[in-house]
Amino acid sequence: MLKIAFIAHDRKKDEMVNFVTAYEHVFTGLEMYSTGTTGQRIMDATNLQIHRYMSGPLGGDQQIGSLVAQDELDLIIFLRDPLMAQPHEPDITALLRLCDVYGIPVATNIATAEILVKAIDRGDFGWRELVHKYKPGVDE
715 MLKIAFIAHD
725 RKKDEMVNFV
735 TAYEHVFTGL
745 EMYSTGTTGQ
755 RIMDATNLQI
765 HRYMSGPLGG
775 DQQIGSLVAQ
785 DELDLIIFLR
795 DPLMAQPHEP
805 DITALLRLCD
815 VYGIPVATNI
825 ATAEILVKAI
835 DRGDFGWREL
845 VHKYKPGVDE
């Protein structure tokens with residue numbers, strides 16, 4: 715089962731909710747994680763269940779980063795607000811660095827997010843399922 719995380723800065727939350735609502739059929743059945751408010755907003759607008767972490771500025775970005783470091787995520791959709799300074803910018807940079815280190819696709823805008831979600835819908839992320847299947851300690 716693919717594991718995906720959703721993060722959205724304040725001025726991008728509506729865009730994230732609209733995006734996830736439009737592709738709810740693709741996300742149904744995936745294991746999903748999110749920072750606090752973003753996850754709640756998505757769940758309020760859809761029938762999806764999402765494991766929520768803390769708000770990004772309160773450590774949620776770092777919590778999702780720990781999932782990346784443990785190879786527990788397959789994709790992150792992180793709708794960033796490039797026009798607003800973020801007080802927790804070092805956490806954001808660290809998360810994006812971890813995605814690069816561990817080869818986790820991350821979409822930071824809606825155009826890239828749509829391409830990746832369409833790839834999920836086509837089955838192009840099947841290789842990630844193999845990563846999980848053959849991890850040590852996972853029953854076959």
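In case it helps, the working numbering puts the sequence shown at residues 715 to 854. Backbone N, C-alpha and C define an ideal beta-carbon position, used for all residues, glycine too.
Length of the line joining the Cα atoms of residue i and residue j
i, j, result
"T749", "D728", "14 Å"
"L830", "A821", "8 Å"
"D838", "C813", "19 Å"
"I790", "L762", "16 Å"
"A759", "T735", "7 Å"
"E828", "D785", "23 Å"
"D795", "M730", "12 Å"
"G817", "L716", "15 Å"
Among the options, the one whose alpha carbon lies nearest that of residue i
i, options, result
"D805", "I721, G840, A736", "I721"
"N732", "A808, L810, I756, I764", "I756"
"P819", "R794, K726, V782, M746", "V782"
"M746", "I718, V740, M730", "I718"
"K832", "H723, R725, V740", "V740"
The ligand FMN heavy atom lying under 8 Å from the CB of residue i
i, result
"M798", "Ligands in the displayed structure: none, and consequently the ligand FMN is not present."
Whole-number beta carbon distance between residue j and residue i, since they are thought to touch under 8 Å
i, j, result
"K726", "L793", "4 Å"
> Which full runs of the alpha helix (DSSP H) of 4+ residues lie inside the region 802 to 847, going along the chain?
Replying inline: Correct list: 803 to 816, 824 to 836, 840 to 847.
>> Does the structure place the region 798 to 806 close enough to the region 770 to 779 that three or more beta carbon pairs sit under 8 Å?
In response: yes
>> Is it the case that the region 776 to 784 contacts the region 751 to 760, given that we only count it when at least three CB pairs across the two stretches are under 8 Å?
In response: no
> Which ranges does the alpha helix (DSSP H) cover as unbroken runs of at least 4 residues, wholly within the region 758 to 783, from first to last along the chain?
Replying inline: 774 to 783
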